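Each residue of the sequence shown is one higher than the one before, counting from 335 in my numbering.
Below is one structure; the comments refer to it alone.
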Amino acid sequence: MTFNRIKWHILPKLSKRQYGFMPQRCTEDALYDLVSHIRKKLKEKKLITMVSLDIEGAFDSAWWPAIRLRLAEENCPINLRKVLDSYLEDRRVGVRYAGQEYKKKTEIGCVQGSIGGPLLWNLLLDPLLKKLENEGVYCQAFADDVVLVFDGETGLGIERTANRVLSSVEKWGKNNKLKFAPHKTKAMLITKKLKFDAPKLNMGGTTIQMSDEIKILGLIIDKKLTFNNHVKTATNKAIQIYKQVARAARVSWGLHPDVIRVIYTAVVEPIILYAASAWAPAAERVSVRKSLGVVQRGFVQKLCRAYRTVSLNAGLLLTGLLPLDLRVKEAATLYMARKGYPTAIIGDWEIERMEPVTVMEHPAERLIIKYENLENDEQTKIAIDKCNVQFYTDGSKIDGFVGAAYTKWIEGKEQKHKKLKLMSCCTVFQAELFAINSATEEILRCSEDSFGIFSDSRSSLDILKNVNSTHPLVTKITKNINNIKLQKKQITLHWIKAHNGLEGNERADQLAKEAAKKKAKPEYDKCPIAFVKRRIREESIDEWSERYEAGTTAGTTKLFFPNAAAAKKIIDTIKPTGVMTQILTGHGGFSEYLARFRCKESPACPCDGGTPETIPHILTECPISGPERFNIEQLIGVTIKTENFQKLISQKETQEQFLEYCIKLK
């Protein structure tokens, strides 16, 4: 509680260059901004030097008198400063050894892992970041990881600026009893110039060695911004995980494919996709795509229980996964959209972004909103009788159109209603919140003194209970309810069951559907992240489908699934087994396949000793399978031939029978 109040006073004043332990900021923000700045300077044909500073025992060396001074400088209330003084007072460090104990008073250290440690450290480091920024130096920090970027036309110019700044940084450290370690500090020169002089940097009399790459917050940045080593490191880590999975998963025993899928999506993909927004352009290179494909191929083979000779394209299609390079592109595009950067995927539409934490009310003044669950008619009647005016709200989505509405009732009769049109990209959740928000705005204009809002959206009411929510509609509703109470009006919120016969609720539902269909300019046009994700995924599937169709592999699989986009919907319902995968890929116990890999002398089918035993032959021509083929054709009314494979496996009427026929022949 104490540190939440300190945060409220301090956070708005801290440098925007601090990314560590800051609300609504993360490592990807720091890495994206850093790499974007470097790319911008490269376009300007500048010489760039990046320096990564190392602070020895940073958190353990934080000096308490300096922290107290910083709190005073930021005008933190005296009562909070006194609480913190008490927190830091009479702290001792004890050591027990050989039956003896020694204690010593300490005045340094922010306990790592504590609630307040990161905030106190950020407060201590803040003057350095502001000082460097005022001097025109690009700097950023994530907790105690500080990075400086210098740019210029010549190496000599960078050398003079950098050495002056590094000397200033070291001096600041001494004044705050923090020691920078020059021997651990790394520097890297980044440029596209063919002829240049490398700057000679030193700190505290120690020469800083130039490196070809620097690892910052888990991202390996090289001097040419190829990110080859980062991709190599990430893929090697993923391959090690695959090796462990491979030992525990076989075609007929071991880990279930569902477990392997969880490992892949929850462990492997996050390793590869980390900081994707910073290095996504590298994923467009063929070499990187191949490296990512090596990782993915092993997992998709385990997921669909395929032979290890099955191609990546066939494996991806049968598991419903996207190529990793497209997943990297997806992650980068989604990050850009979340942060409000322009992207082609959404065009001119405005993303619904969360409100900044810094504009929230003081923790002690945040309104706690509660609602009542009305489970039966008796409870509903009691709730209605308690308030003079009832507002029923609802949201609806019909045929891709979204609407919301509220209706005002007094003594069992409708007095007023309003239909609200939303953009077609909006969700029902947004519509429900927008209806509640509009109802609270109407209550502010009403003369009555007792109101009840009745909604059948539990998710909307639940998010209103969260005092720390930064959703833009939630903050508006909270502000409106607070103003309603300042007008000395009573307001209560209630959850009611949908379609329970309550006249007001049914009326609100009808109005919301009418609002969705009405032709008018949307009154709420913020695009939700869920819609952006869907659009990004649709583009990825289209690109994957084009790549799949143009590929030279997965020939047998294409007989059943010529289009990857259409196949994805079918695969979700089939869930291929090991035997089914052999049929759909042609990689299995078939003479043609076995002969190709020298496991059998002849590729011929036993039916005539001359025709290769392939999947099309077995399913459509082989006399051995003739009786089964005749029976299935009579049952489904469709001739079994290669041109009909897609139709047979995609239609619900024939899918099950056709797959059973295929498995029997295997």
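The beta-carbon is built from N, C-alpha and C at its ideal position, and this holds for glycine as well.
On a predicted model such as this, the values are computed, not experimentally measured, just so you know.
**OP:** Name, in chain order, the residues that DSSP records as bridge partners for Ala475.
**Re:** Answer is Gln352, Val480, bridged to Ala475.
Subject >> Residues near Tyr598 by beta carbon distance below 6 Å, same chain, minus five either side >> reply: Excluding five sequence positions before and after Tyr598, the CB atoms of its chain that fall closer than 6 Å to its own CB belong to Phe633, given in chain order.
Original post:
If you draw a straight line from the alpha carbon of Cys444 to that of Glu689, how long is it in whole angstroms?
Top reply: The straight-line gap from Cα to Cα measures roughly 30 Å.
Original post:
If we count the other Cβ atoms within 10 Å of its Cβ and call it buried at 16 or more, is Asp942 buried or exposed?
Top reply: Exposed, since its Cβ has fewer than 16 Cβ neighbours within 10 Å.
Original post:
Among Ser936, Glu926, Ile949, which one has its Cα closest to the Cα of Thr919?
Top reply: It is Ile949 whose Cα lies nearest to the Cα of Thr919.
Original post:
How would you label Cys933, buried or exposed, when you count the other beta carbons within 10 angstroms and need 16 or more for buried?
Top reply: Cys933 is exposed by the Cβ-count criterion.
**OP:** Starting from the Cα of Asn722, find the closest Cα among Ala765, Ser781, Val736 and give me that residue.
**Re:** Answer by Cα proximity: Ser781.
**OP:** Grab me the residues of Asp906's own chain with a C-beta within less than 8 Å of its C-beta, minus the 5 sequence neighbours each way, in chain order.
**Re:** The answer, listed in chain order, is Gly654.
Original post:
Nearest to Arg717 by alpha carbon, out of Ile679, Leu756, Glu748, Thr826?
Top reply: Reading the sequence as shown, one finds Ala at residue 717 and not Arg. Closest option to Ala717, Cα to Cα, is Thr826.
Original post:
What are the boundary residues of the alpha helix (DSSP H) that Tyr675 is part of?
Top reply: Unbroken run through Tyr675: none, as it is neither H nor E.
Subject >> Counterpart residues of Asp485 in DSSP-defined beta bridges >> reply: Looking at the DSSP assignment, Asp485 forms a beta bridge with Ile382.
Subject >> Segment limits, beta strand (DSSP E) that includes Gly428 >> reply: Per DSSP, Gly428 belongs to the beta strand (DSSP E) from 426–431.
Subject >> Chain-order list of residues whose beta-carbon lies under 8 Å from that of Glu684 (same chain, five-residue window excluded) >> reply: Excluding sequence neighbours, Glu684 sits near Asp859, Lys860, Cys861.
Original post:
Between Asp388 and Lys566, what straight-line distance do the alpha-carbon atoms span, to the nearest angstrom?
Top reply: Approximately 25 Å, taken between the alpha carbons.
**OP:** Starting from Asp876, trace the beta strand (DSSP E) both ways and give me its first and last residue.
**Re:** First-last for Asp876: 863–884, but that is the alpha helix (DSSP H), not the beta strand (DSSP E).
Subject >> Same chain only: Cβ atoms within 7 Å of Val417, ignoring 5 sequence neighbours per side >> reply: Annotation for Val417: Thr336 place their beta carbon closer than 7 Å to its own, counting only its chain and skipping 5 residues before and after.
**OP:** Drop a sphere of 10 angstroms on the beta-carbon of Glu947, count the other beta-carbons inside from all chains shown, and report buried for 16 or more, exposed for fewer.
**Re:** Of the other Cβ atoms in all chains shown, 16 or more fall within 10 Å of the Cβ of Glu947; this residue is therefore buried.
**OP:** Examine the ligand GTP and report whether any of its heavy atoms sits within less than 7 Å of the Cβ of Lys527.
**Re:** For the structure depicted, the ligand GTP is absent and the ligand set is empty, with no information on it obtainable.
Original post:
Once you ignore the five residues that flank Lys347 on each side, which residues in its own chain have a CB closer than 6 Å to its CB?
Top reply: Hits under 6 Å: Glu408.
**OP:** In the DSSP assignment, find the unbroken beta strand (DSSP E) run with Ser784 in it and report its ends.
**Re:** For Ser784, the enclosing beta strand (DSSP E) begins and ends at 784–789.
Subject >> Whole runs of the beta strand (DSSP E) within the region 379–424, excluding any shorter than 3 residues >> reply: The region 379–424 contains these whole beta strand (DSSP E) runs: 381–387.
Original post:
What do you get for Thr886, buried or exposed, if any count of 16 or more other CB atoms within 10 angstroms of its CB means buried?
Top reply: With a threshold of 16 other beta carbon atoms within 10 Å, Thr886 falls short and is exposed.
Original post:
Leu756 lies in the beta strand (DSSP E); which residues open and close that run?
Top reply: Looking at the DSSP string, the run of the beta strand (DSSP E) that includes Leu756 is 747–756.
Subject >> Coarse secondary structure for Gln821, derived from DSSP in three states >> reply: Residue state, collapsed to three classes: coil.
**OP:** Would you identify the three-state DSSP class for Glu435, choosing helix, strand or coil?
**Re:** Of the three classes helix, strand and coil, the one that applies to Glu435 here is strand, per DSSP.
Original post:
Measuring CA to CA, which of Ser645, Ala400, Arg930 is closest to Gly889?
Top reply: Comparing alpha carbon positions, the residue from Ser645, Ala400, Arg930 closest to Gly889 is Ser645.
Original post:
Where does Lys731 sit, in a helix, a strand or coil, going by DSSP?
Top reply: Here Lys731 sits in strand by DSSP.
**OP:** Check the C-beta distance from Thr727 over to Ile770 and give it rounded, since I have them as a contact under 8 Å.
**Re:** Indeed, because the Cβ distance is near 5 Å, the residues count as touching under 8 Å.
Original post:
Do the region 808–821 and the region 708–717 touch if we need at least three Cβ pairs shorter than 8 Å?
Top reply: Verdict: no, contact absent.
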